[in-house]
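**Q** The structure follows.
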Amino acid sequence: MAVVGTGLIGTSIALAANRRGVTVFLSDRNPVAARTAAALGAGLAEEPAAPVDLAVLAVPPSAVGAALVETQRRGLAHTYTDVASVKAVPVRLALSQAPDPSRYVGGHPMAGRERSGPLAARADLFRGRPWALTPSGRTSDATLEAALELVELCGAVPVLTRSREHDDAVALTSHVPHLLASLMAARLREAPEEASRFAGQGLRDVTRIAAGDSRLWGDILQSNAGAIAGVAKDLHADLSCLVTALELLAGPDGEPDGAERDRARRTVVDLLDRGIEGLAAVPQARPGDAGAGARVCVGVRGRPGELRLLLHAVAELGVSGEDAVVTDAGAGPEGMADGGLAVTFPLPPAVAAPLTAGLRAGGWAVRCEYDEDVTAVKGGQTDQSCERDKWAEGESKEERGSRVSVPGLRGSESAIPFPAAGMRHTGAGSSRYPD
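First residue of the sequence shown: 1, per this note's numbering; consecutive thereafter.
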């Protein structure tokens, strides 16, 4: 595999693939960045002697087209994907300029950090995160399958979508939130020094992502300007109503009349209520929530400090315990003594499987439940095929019917489940969306 661009995302992909035994060749227009990634253990800062199976173009959106043309012309790889957070522009350029558009599929892992560069990279950055893939009508099956295996190698969850739908969605869920964080942080430049003494967690939460690379984000905003402008207009309308209402409420009592003040209060409260309703639409991983996909239930016998040890073990395996729910042992794995606790972690299947295996190896009593099937994994079992077998048992009928067998980058066959609803297969060499 080759990774072109060794910033946060490119280096994180290389680290994840390298950890799974894939030989990764690294390059960057800044040789120091490539050597830094290599020194971190992400791969080799050199050109491959022969075409690799897959090249990942980890460059800004505006550079994807040129990078694809250049790498295809010199025969870097058999298949190509990118990781830019805007898809319509790169896909359009690929279809019009690339020597062989059938060997390219757009991609975007929905993960990141407020820091940039190879030193911020993490091998587990994509674990359990959605990874958008945007195959065109000219994308070959082999290309899509190679990209799907990359997603699996990184522990992410593949989501097949159209380029324009992707760009409209991320304008709302990623690009405009970054703009709002930057706008709020910019207000702090002119704040009196003593105001910083009152900065709390709320301000830190709102402004955290404003620290992103301004040149990269300038490229992203330019590449998706139309969709971002549409969301910004809606926000502008809401802010205008809010400012009008607040100015009315800021006036002396009795000015304006009581009816207008009541309307202004209702406007403010309505905006807050709409915010609560909108927040409820954001997927929250909870037991029984279909958005989680799986639940890892661990038995704790109630001894002092045992829950703390479990949460530490879960964190060591790269999973946060913030969404864990504690119930009584009746909901726990078989063999739990009365008086114990059952700790449930709602997670995507791609995260639940390795967590179950890791906890089982540590001697914990574990049960992993999937949305449609339930699998018991008792403490003490050592069957190394359990993780893959239980993944298969946890698939829905639709996923089972669209498993893709990939002659893996690792040299062994790997089965990758993915939702079938968004795509249909129309024979060898062609994968496209329904008309």
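No residue lacks a Cβ here, since even glycine has one placed at the ideal position from N, Cα and C.
When the distance is taken between beta carbons, is Ile220 closer than 8 Å to His175?
**A** Taking 8 Å as the cut-off, the beta carbon of His175 is found closer than this to the beta carbon of Ile220.
**Q** Out of curiosity, what's the CA-to-CA distance linking Pro101 and Leu148?
**A** 17 Å
**Q** Please state whether DSSP places Val56 in a helix, a strand or coil.
**A** strand
**Q** Between the beta-carbon of Pro9 and the beta-carbon of Cys154, is there less than 8 Å?
**A** The question names Pro, but residue 9 is Ile in the sequence shown. In this structure, Cys154 does not lie closer than 8 Å to Ile9 by Cβ.
**Q** Rounded to whole angstroms, how far is the Cβ of Pro118 from the Cβ of Leu44, which I believe are closer than 8 Å?
**A** Contact doesn't hold; Cβ gap of about 14 Å is too wide.
**Q** Below 8 Å, can you find three or more Cβ-Cβ pairs linking the region 174-193 to the region 135-142?
**A** no
**Q** By the DSSP assignment, the beta strand (DSSP E) with Ala132 in it spans what residues?
**A** Pro130 to Thr134
**Q** Drop a sphere of 10 angstroms on the beta-carbon of Pro349, count the other beta-carbons inside from all chains shown, and report buried for 16 or more, exposed for fewer.
**A** buried
**Q** For Glu316, does the count of other Cβ atoms within 10 angstroms reach 16, so buried, or fall short, so exposed?
**A** Classification for Glu316: exposed.
**Q** Apart from the five residues on each side of it in sequence, which residues of its chain come closer than 6 Å, Cβ to Cβ, to Ala210?
**A** Ala181, Ser182 and Ala185
**Q** State the DSSP-derived secondary structure class of Ser27, mapped to helix, strand or coil.
**A** In the structure shown, the three-state DSSP call for Ser27 is strand.
**Q** In three-state terms, what does DSSP make of Thr327?
**A** strand
**Q** I'd like to check one pair, Val268 with Leu460: are the Cβ atoms closer than 8 Å?
**A** Shown here, the chain extends from 1 to 435; a query on residue 460 therefore has no answer.
**Q** Using a Cβ-Cβ cutoff of less than 7 Å, which residues in the same chain neighbour Gly318 once the five nearest sequence positions on both sides are dropped?
**A** Asp124 and Arg127
**Q** Hey, out of Arg295, Val4, Glu260 and Leu310, whose CA is closest to Phe345's CA?
**A** Arg295
**Q** Are Cys297 and Arg367 close, meaning C-beta to C-beta below 8 Å?
**A** yes
**Q** What separation, rounded to the nearest whole angstrom, lies between the Cα atoms of Ala17 and Val24?
**A** Approximately 7 Å between the Cα atoms of the pair.
**Q** Check whether the Cβ atoms of Leu246 and Arg265 lie closer than 8 Å to each other.
**A** no
**Q** For Val231 versus Ala171, is the C-beta distance shorter than 8 Å?
**A** Cβ atoms of Val231 and Ala171: closer than 8 Å.
**Q** Consult DSSP for Cys241 and reduce its assignment to one of helix, strand or coil.
**A** It is helical.
**Q** Which term fits His108, buried or exposed, when burial requires 16 or more other beta carbons within 10 angstroms of its beta carbon?
**A** buried
**Q** Find the nearest neighbour of Ala77 within the set Ala55, Ser240 and Ser62, judged by alpha-carbon distance.
**A** Ala55
**Q** Find the nearest neighbour of Leu216 within the set Arg164, Met1, Gly275 and Val59, judged by alpha-carbon distance.
**A** Val59
**Q** Give me the DSSP bridge partner(s) of Asp82.
**A** Leu57
**Q** Give the list of continuous alpha helix (DSSP H) stretches no shorter than 4 residues that lie fully inside the region 132-208.
**A** Taking 4 residues as the shortest admissible run, the region 132-208 contains the following complete alpha helix (DSSP H) segments, listed from N- to C-terminal end: 141-153, 163-170, 176-187 and 201-207.
**Q** With a 10 Å radius around its C-beta and 16 neighbouring C-beta atoms as the bar for buried, classify Ser140 as buried or exposed.
**A** Buried is the call here.
**Q** Which residues in the same chain as Ser27 place their Cβ atom closer than 6 Å to its Cβ, once the five residues preceding and following it in sequence are excluded?
**A** Counting only Cβ-Cβ distances below 6 Å, and skipping sequence neighbours, we find Val4 and Ala34.
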